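Engineer: Here our numbering runs 273 ahead of the position in the sequence shown, where the first position is 1.
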Amino acid sequence: MSKTINLIKANASNPKVWIVAGITVAGILLLADTTRRRRRKAIIIQRQDFGAFLERFDLIPFPQPPTPPAKLPLQGLTFAIKDMFVIPHPFSFSLAILLFDVKGYVTGFGNPDWRRTHEPSDKMALVLTALLQNGAKCVGKTVMDELAFGITGENKHYGTPINPKVQSNIPGGSSSGSAVAVAAEFVDFALGTDTIGGIRLPASFCGILGFRPSHLAVSTIGLIPNSQSLDTIEFALPSSRFPLLLLISSNVDFKGWFARDPSVLHRVGHVLLKVKAVEPKRERRLVFADDLFQLSKVTKQKTVYVVSKAIEKLSGYQPPQHIKFSQYVASNVPSLKAFGQNSSNLQYGISALKALSSVMVSLQSYEFKTNHEEWVKNVKPRLGPEISHRVLAAINTKYENVKVLYKVGTEMRAALQSLLKVWLLLLLPLFFLLPFVSTNVDDGILVIPTIVDPPPKLNSMKDYSTEFHDRACAVLSIASMSGGCQACVPLGNDAGCPVSVSFVSYHGADKFLLDAVLDMYASLQDQVSIAFKSALLPDVNGNMDAFQW
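1) Out of 556, 599, 351, which has the shortest C-alpha to C-alpha gap to residue 562?
2) If the criterion is Cβ atoms closer than 7 Å, does the pair residue 678 and residue 636 meet it?
3) Using DSSP's beta-bridge definition, name the partner residues of residue 590.
4) Going straight from the alpha carbon of residue 443 to that of residue 457, what length do you get?
5) Would you tell me roughly how many angstroms separate the C-alpha atoms of residue 900 and residue 405, rounded to the nearest one?
6) Report the rounded CA-to-CA distance for residue 785 versus residue 486, giving the unit in angstroms.
7) Between residue 824 and residue 397, what straight-line distance do the alpha-carbon atoms span, to the nearest angstrom?
8) Have a look at 572, 770, 779 and flag the residue whose alpha-carbon is nearest the alpha-carbon of residue 438.
9) Give the DSSP-derived three-state secondary structure of residue 413 in the structure shown.
10) Apply the 10 Å Cβ neighbour rule to residue 641 and answer buried if 16 or more other Cβ atoms are within range, or exposed otherwise.
11) Determine the direct distance from the alpha carbon of residue 793 to that of residue 778, and round the result to whole angstroms.
12) Excluding five sequence neighbours on each side, which residues of the same chain lie with their C-beta closer than 6 Å to the C-beta of residue 548?
13) Under the rule that 16 or more other beta-carbon atoms within 10 Å means buried, what is residue 389, buried or exposed?
14) Since residue 744 sits in a beta bridge, which residues does DSSP pair it with?
15) Within 10 angstroms of its Cβ, does residue 343 collect 16 or more other Cβ (buried), or is it exposed?
16) Indicate the three-state DSSP secondary structure (helix, strand or coil) for residue 683 in the structure shown.
17) Need the endpoints of the beta strand (DSSP E) that residue 478 sits in, please.
18) Would residue 593 pass as a contact of residue 791 if the rule is Cβ separation under 7 Å?
19) With 16 as the cutoff for other CB atoms within 10 Å, does residue 723 come out buried or exposed?
20) In the DSSP assignment, the alpha helix (DSSP H) including residue 764 goes from what residue to what residue?
21) For the alpha helix (DSSP H) containing residue 638, list its first residue and its last residue.
22) Could you tell me the distance, in whole angstroms, from the CA atom of residue 608 to the CA atom of residue 564?
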């Protein structure tokens, strides 16, 4: 720079030098102005859609016969999809003589380097086909945590979707854009995935409904895998410059969905789960995990009390039960002893759920390495600091005793079913028949806080990332490791942030749980209004050491 200045000084009398200098300065100013305009335009666009969408398009519902037999269950509804779902190129839908093409899209997995190294797929995610066949219209793809490996919803490359309910705080992830699109009322429902909380956490933080189905309940064909511990299915990755990865009978992320309206949540569930429209109604038994509500920083008057009062006015519900759930897990998941710690007074408390969450995180990391180690090492993708740390840790770790990790999942599934499913043995009078048969007489629903902390402020995760992650995973691990279903239901606000409670049931009880949420929702919201207007009772929560776990 000093040489340039000296050159100008030496030729100050030459007018051509001043002309060149003037043009240079003008060019710099023009470039700076253009950059500012582009940034301003990007900010305006982000504010218009809260930064939820990566790209907009229209996938219209499948053509129907001139006189369809009945109105389609999702007719007139719009939805968005997380950037993990495969859209084909080219893909033709046909019905009778009707035909139309859909432009190809690359599934980006929340990262530009993944998008750059992959081609548009020639396959369609089966879940999208089901939604389009039933009358829904897809309007775009949404932002997500990179490689589905985060829980904050922040994305270094595409920006962080703005939480419509509390704009200074994170939206939660990894399905952040889908949750924001629903909360901001851009779509009626949205698809996401949930490995360790990708549906439940953003649903809670954005104050909307979220449903995580049982594993195997919804097809994952046409979905990029993050972790293979959660669903057993055959699927193929989109074509890429790397060898096509085909995983047969392996596990991938659960699909899940968000909605504002419980009837929409219910209708989408019936389409995706392919359940029978009518089933015998069974009595419902709510089991409150008292120790987990003690962890929550929200007073129990706004959660436990609200749910208890809501079911008092409804028929078909048994008196609620209460349990110290972590003690139950410790007694019924013996393989967790291998992951226990000697100290009984750790900073975040020692508990079976803390051990369970460590198994969940280990499984996610091990299976991410199995699926994506080659791609990471060949491409060396640009990742945000937190995601980069987690990805490198997953890739560089040597995993031992992997069978024990899976055994914990098997035991956890059995434990949850034993707690929530009650069987009645019926003796048969005829000796030549089987000595007895069993029938299910009622189903239990575990009631827990969806998340125990309010959404952290944007760009604040460096300050308490580990604490937030550990406390979140303690409650999120229950459904993830058992393979059960979970519904997140908003219950108003506390200190300016959304509050939610979750209803968890055993593997395969998806329709039962969706029906229960639809049945309870109106009464829950009535009790929310009453509870939030009344004087609060003294109730100190938020300490992981408050109970003997």
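Using N, Cα and C, we set each Cβ at its ideal position, and we do this for glycine too. Here the structure is a predicted model, which is why all the values come from computation and not from measurement.
Structural biologist: The short version:
1) 599
2) Taking 7 Å as the Cβ cut-off, residue 678 and residue 636 qualify as a contacting pair.
3) 557
4) 15 Å
5) Because the chain spans 274 through 822 in this model, residue 900 falls outside it and cannot be assessed.
6) 11 Å
7) Summary: the structure shown does not reach residue 824, with the chain confined to residues 274 through 822, and so no result is reported for it.
8) If we check each option's Cα against that of residue 438, 770 comes out closest.
9) If DSSP states are grouped into helix, strand and coil, residue 413 belongs with the strands.
10) buried
11) 15 Å
12) 784
13) exposed
14) Looking at the DSSP assignment, residue 744 forms no beta bridge with any residue, so it has no partner.
15) exposed
16) helix
17) Annotation: residue 478 is outside any beta strand (DSSP E); the continuous alpha helix (DSSP H) that includes it extends over 473-479.
18) no
19) Residue 723 is buried by the Cβ-count criterion.
20) Looking at the DSSP string, residue 764 is not in any alpha helix (DSSP H); the run it does join, the beta strand (DSSP E), is 758-767.
21) 625-652
22) 22 Å
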